[in-house]
Structure formats: structure tokens, C-alpha cells
Amino acid sequence: ITWVLAVGSLLIAAAIAVPAFLFSRHQLIDRTTALLAAEAERERQRVELRVAFDLSAAESLATNTVTSNALADSMGRDAYLVPLLRNQRLQVAGARLELADYRGRVIAASAVPESSGYQQEPAFDRLMDSGIAQTVMSGPGDADQGRLQVFLPVVYRLPGAVEGALVLSMPL
């Protein structure tokens, strides 16, 4: 009889413990999934705000009279243009600003320029032809981990012509 009572007790305990374990496991997985989704959403918002801030700063510089006048002022621009770009505090780590003249040559940058220019860049040519901002995304496996480049037109106000581009470049 004790043997039957022990087996019966064990079966009753198992009938209660197994569903409780499965329910607890399910709850734990659901809660972890919800927490990970919330963390991913917070990170997405943080990145989105940083990119938007940097893009807004670049757009402001591209439309700034000082920037457009610097394209025409080849003699004195280093005195004010280089400090203006270097003092920009971009929010995306590794982001940079480069100002290119109408030929695509980088004339000033917020950090050491990554290249001598954009003479061979189709997006730069499209910007110069259309006056419309262009975006290029290079993926991993290219020169680095990948970059997002936004080419913004710099318009010289007197003739109203595109005289160059301000390039915002951000690592992916």
C-alpha cells in the first residue's frame, strides 16, 4: 500500500509540476521577447534621432551662405571653413562632413578627408546636373563596414547655380 501511495503521490505531483513548468517557461519566453522588442525599439529611435540630427546639421551647412561663399573664396576659405566644419559635433560615431567643389574635389572636411574627392562618384554627377540631393549606401564588403553618404547641393546664391556638394558620410 505504501508503494501505491508513493507512486500515486508522484503522479499527482508530476501532473501539477509539468504544466506549471511549461507555463512558467512560456511566460519567461514571452516576457523576454517583449523586453527585447522594447529595447530594439528604443535603440531604433536613438539611432533615428542621431541620424536626423546629423542630417539636419548637414542641410543647415549646405544652405549656409558662408559655405556657398567659401566655394568661391579659394584664397581665404581655410581660415573659416575648416574650423566651421571641424567644430560640428555630429551624433553618429564616425560620421563626417566633406565639402566638395564643382569638380568633386574635397576642399574642407570635419576630419581628415577619406578621399581626394568625388570625381568618379555617379551620385555627385547627378547632384551637379539636377541640383537634387543624392544618397548612396555602400554595404559591408566594400572599402569598410559600409557607409551611408548623403550628397547635398551647395547653391551659390547670386547665379543660383549648384557650385558643389556637402557630403555627410556615416558608417552603417
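Take 16 as the starting number for the sequence shown in the numbering used here and just add one per residue.
Just so you know, even glycine gets a beta-carbon here, dropped at the ideal spot from N, CA and C.
Subject >> Arg92 to Gly146 span [Cα, whole Å] >> reply: Numbered from its first residue, the sequence shown carries residue 92 at position 77. Numbered from its first residue, the sequence shown carries residue 146 at position 131. If I take the Cα positions, the gap works out to 23 Å.
**OP:** Using alpha carbons as the reference points, say which of Ala73, Tyr117, Ala123 and Ser125 lies closest to Glu136.
**Re:** Numbered from 1 along the sequence shown, position 121 holds the residue referred to as residue 136. The shortest Cα separation from Glu136 among Ala73, Tyr117, Ala123 and Ser125 belongs to Tyr117.
Subject >> Start and end residues, beta strand (DSSP E) containing Asp116 >> reply: Within the sequence shown, the letter at position 101 stands for residue 116. From DSSP, the beta strand (DSSP E) with Asp116 extends over Arg111 to Asp116.
Original post:
Can you tell me the Cα-Cα spacing of Ala28 and Ala52, whole angstroms?
Top reply: If you number the sequence shown from 1, residue 28 lands on position 13. If you number the sequence shown from 1, residue 52 lands on position 37. Approximately 36 Å between the Cα atoms of the pair.
Original post:
Is it a yes or a no for the region 38–47 touching the region 62–82, going by three-plus beta-carbon pairs under 8 Å?
Top reply: no
Original post:
In its own chain, which residues sit with a C-beta less than 6 Å from the C-beta of Glu56, not counting the 5 before and 5 after it?
Top reply: Indexing the sequence shown from 1 puts residue 56 at position 41. Nothing listed; no residue qualifies.
Original post:
The beta strand (DSSP E) spanning Val170 covers which residue range?
Top reply: Counting from one through the sequence shown, the residue named residue 170 turns up at place 155. From DSSP, the beta strand (DSSP E) with Val170 extends over Arg162 to Tyr171.
Subject >> Start-end ranges of the alpha helix (DSSP H) lying completely within the region 84–155, minimum 4 residues >> reply: Runs of the alpha helix (DSSP H) inside the region 84–155: 92–101 and 137–145.
Subject >> DSSP state of Gly23 mapped onto helix, strand, coil >> reply: The residue labelled residue 23 in the question sits at position 8 within the sequence shown. Of the three classes helix, strand and coil, the one that applies to Gly23 here is helix, per DSSP.
Subject >> Anticipated Cβ contact below 8 Å, Gly161 with Pro186, distance rounded >> reply: Position 146 of the sequence shown, counted from the start, is the residue given in the question as residue 161. Position 171 of the sequence shown, counted from the start, is the residue given in the question as residue 186. At roughly 7 Å, the Cβ-Cβ gap stays under 8 Å, so Gly161 and Pro186 are in contact.
Original post:
Is it right to say Val19 is buried, meaning 16 or more other beta carbons lie within 10 angstroms of its own, or is it exposed?
Top reply: Here residue 19 refers to the residue found at position 4 when the sequence shown is read from its first residue. Label assigned to Val19: exposed.
Subject >> Which residues DSSP lists as bridging Leu183, in chain order >> reply: The residue labelled residue 183 in the question sits at position 168 within the sequence shown. Leu183 is bridged to Leu112 and Val165.
**OP:** Compute the Euclidean distance between the alpha carbons of Leu183 and Pro34, then round it to the nearest angstrom.
**Re:** Sequence index remark: in the sequence shown, residue 183 carries index 168 (1-based). Sequence index remark: in the sequence shown, residue 34 carries index 19 (1-based). Answer to the nearest angstrom: the Cα atoms are 56 Å apart.
**OP:** Inspect the beta-carbon positions of Thr82 and Leu181 and report whether they are closer than 9 Å.
**Re:** Locating residue 82 in the sequence shown gives position 67, counting from the first residue. Locating residue 181 in the sequence shown gives position 166, counting from the first residue. In this structure, Leu181 lies closer than 9 Å to Thr82 by Cβ.
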